[in-house]
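Numbering (the working numbering), first residue to last: 1 to 271. Every residue gets a Cβ at the ideal spot worked out from N, C-alpha and C, and that includes glycine. If you're wondering where the values come from, they're calculated on a predicted model, not measured in any experiment. So the structure is just underneath, and the comments pick up after that.
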Ligand SMILES: [Fe+2]
């Protein structure tokens, strides 16, 4: 089971410290949040749990409320997908978010957030490339049976890829089930299950955490925001192709994934 840490901070706009007058409002808010957390203890928990950390309250309430408003406004733009035996649900890619809800991108690029994530993971983190539809995306569970089966968030990049899940709306019985240490030789697998509420975060190395979301029931609604950060933004052409096809079929549709991708087919990608 992940360690829950109560870290809710409601005063999202503290007075700027000396030298911080130019900080964006979202950076001020997240700087205030992260300075109140026990960074060393959370770093230790992250390592002990095999590159996994759950905080049951993280975002300021006004930021969370803004995300929920955006998520509801984006419902008409949701791309539904269904892979028998594996997943069913809706997604909104970063390309659509950039057009219709650009404040989410500001949160994704927040220096205060990224620097805190770097301190917890111990890695230098980069935003995912501009043509990655998963860089920041919303995932919707709005119909009976919406779910995703057991999987890893496999990195197709040269380096590691970290996933940050952010609770936005949760009026469901869906649970995030997970298993720690599954790929650590000789380690005992530790199973856990959480329902991360709006404002909560889950941070993990996508290649290390086996996880799933259990099926929603009729009349329920759940929206999760996912941020992906990488340690090396390069991707080999064949992996790029596989990644694009997976994203097109399982998540965002061919129009979303390939709309910017005239140069991303095998043999043409120089990333
Ligand atoms: Fe996942």
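Closest by C-alpha distance to residue i, when choosing among the options
i           : options               : result
residue 55  : 205, 257 and 196      : 196
residue 73  : 226, 99 and 86        : 99
residue 86  : 218, 212, 47 and 134  : 212
residue 208 : 219, 169, 238 and 189 : 189
residue 101 : 69, 250 and 173       : 69
residue 234 : 187, 131, 43 and 23   : 131
residue 143 : 126, 153 and 174      : 174
residue 150 : 139, 176, 186 and 121 : 176
Cβ-Cβ distance between residue i and residue j below 8 Å
i           : j           : result
residue 278 : residue 123 : Beyond the ends of the chain as shown, which are 1 and 271, falls residue 278; an answer cannot be given.
residue 345 : residue 46  : Any property of residue 345 remains undetermined from this structure, which presents the chain solely from 1 to 271.
residue 252 : residue 110 : no
residue 30  : residue 112 : yes
residue 167 : residue 178 : no
residue 202 : residue 165 : yes
residue 115 : residue 24  : no
residue 205 : residue 162 : yes
Cβ separation of residue i and residue j, assumed to be a contact under 8 Å, to the nearest whole Å
i           : j           : result
residue 128 : residue 256 : That belief does not hold up - the Cβ atoms of residue 128 and residue 256 are roughly 15 Å apart, past 8 Å.
residue 71  : residue 223 : 4 Å
residue 156 : residue 216 : Actually they do not touch by this definition, with Cβ atoms about 28 Å apart.
Residue i burial status per 10 Å Cβ neighbour count (16 or more: buried)
i           : result
residue 245 : exposed
residue 117 : buried
residue 240 : buried
residue 228 : buried
residue 133 : buried
residue 267 : Because residue 267 carries a pLDDT of 27, less than 50, the predicted location of this residue cannot be relied on, and the following value inherits that uncertainty. That one is exposed.
residue 83  : exposed
residue 254 : exposed
Residue i Cβ short of 7 Å to ligand 1 heavy atom set
i           : result
residue 134 : no
residue 177 : no
residue 146 : no
residue 86  : no
residue 56  : no
residue 205 : no
residue 153 : yes
residue 211 : yes
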